[in-house]
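Peer 1: Below: one structure in structure tokens.
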Amino acid sequence: MAGAGAAGAGAAAALRERQRPLKKGYQDEPASALVPSTATATVDQAGLTATVSTWAGDVVAGLHPAAGGDGTQACSGDILLQSLVACAGVTLSSVATALGVELRSASVTANGTWDARGTLGVDREAPVGLTAIELVFDLDTDAEESKVARLLELTERYCVVAQTLADPPEVTFRHT
0 MAGAGAAGAG AAAALRERQR PLKKGYQDEP ASALVPSTAT ATVDQAGLTA TVSTWAGDVV
60 AGLHPAAGGD GTQACSGDIL LQSLVACAGV TLSSVATALG VELRSASVTA NGTWDARGTL
120 GVDREAPVGL TAIELVFDLD TDAEESKVAR LLELTERYCV VAQTLADPPE VTFRHT
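For the sequence shown, position 55 matches number 54 in numbering that gives the first Met the number 0, and the numbering has no gaps at all.
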């Protein structure tokens with residue numbers, strides 16, 4: 000087996016040690032595993048933007064050029080794909096560490112398609128939102144193909160964003 004060697008085994012042990020008390024707590028008290036997540040955007044109608052505070056700083060989202068934007072603000076559809084590749088990348092890294100798979104390098108790319116006619120109300124039959132998303136993993140590893148297949152299977156299974164998109168929750172709209 001092409002493994003990560005002593006350093007990789009140490010990283011896997013360190014990860015297990017960090018997660019052990021969390022897993023134990025969640026087993027003992029399942030309700031403690033329910034983690035609330037919140038995001039808030041401040042809307043600027045005049046600028047046609049919404050600013051989202053993130054741990055890495057504010058992100059100003061605006062219209063995509065295909066919907067009338069000038070391309071200087073982030074596109075929400077792109078942010079969704081960025082969230083997906085970030086989650087898939089972190090999950091891939093964690094699973095690779097746990098499995099002892101050494102990744103000399105790895106990248107995750109998400110490709111998506113959306114129809115601007117639906118977003119702009121040009122055609123009521125045109126869908127609004129991304130209609131197809133493909134994740135592409137570019138991995139440089141000596142791991143056996145069966146181990147890589149297991150790595151990708153577990154990455155898909157445990158990626159929160161991918162699973163949310165694959166089995167979407169109910170989304171409700173309300174105002175206060």
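Backbone N, C-alpha and C fix where the C-beta goes; we use that ideal spot for every residue, glycine too.
All values reported here derive from a predicted model rather than from experimental measurement.
Does DSSP classify residue 170 as helix, strand or coil?
Peer 2: Residue numbering aside, residue 170 sits at position 171 when the sequence shown is read from its first letter. Three-state DSSP puts residue 170 in coil, outside helix and strand.
Peer 1: How about residue 66 and residue 115: do their beta carbons lie closer than 7 Å?
Peer 2: Counting from 1 along the sequence shown, the entry for residue 66 is found at position 67. Counting from 1 along the sequence shown, the entry for residue 115 is found at position 116. For residue 66 and residue 115, yes; Cβs fall inside 7 Å.
Peer 1: Pull up the distance between the alpha-carbon of residue 81 and that of residue 32, whole angstroms please.
Peer 2: Locating residue 81 in the sequence shown gives position 82, where the first residue counts as 1. Locating residue 32 in the sequence shown gives position 33, where the first residue counts as 1. Distance between the alpha carbons of residue 81 and residue 32: 25 Å.
Peer 1: Can you round the beta-carbon distance between residue 100 and residue 60 to whole angstroms, since I take them to be within the 8 Å contact cut?
Peer 2: Here residue 100 refers to the residue found at position 101 when the sequence shown is read from its first residue. Here residue 60 refers to the residue found at position 61 when the sequence shown is read from its first residue. Under the criterion of beta carbons closer than 8 Å, residue 100 and residue 60 do not qualify as touching, at roughly 36 Å.
Peer 1: Who are the Cβ neighbours of residue 46 in its own chain at under 7 Å, not counting the five residues just before and after it?
Peer 2: In the sequence shown, counting from the first residue as 1, residue 46 sits at position 47. Hits under 7 Å: none found.
Peer 1: Run through DSSP, which three-state label would residue 8 get?
Peer 2: If you number the sequence shown from 1, residue 8 lands on position 9. In this structure, residue 8 counts as helix in the three-state DSSP scheme.
Peer 1: Return the CA-CA distance between residue 52 and residue 72, expressed in angstroms with no decimal places.
Peer 2: If you number the sequence shown from 1, residue 52 lands on position 53. If you number the sequence shown from 1, residue 72 lands on position 73. Whole-angstrom Cα-Cα distance: 14 Å.
Peer 1: What does the alpha-carbon distance come out to for the pair residue 23 and residue 34?
Peer 2: Counted from its first residue, the sequence shown places residue 23 at position 24. Counted from its first residue, the sequence shown places residue 34 at position 35. Cα to Cα, the separation comes out at about 16 Å.
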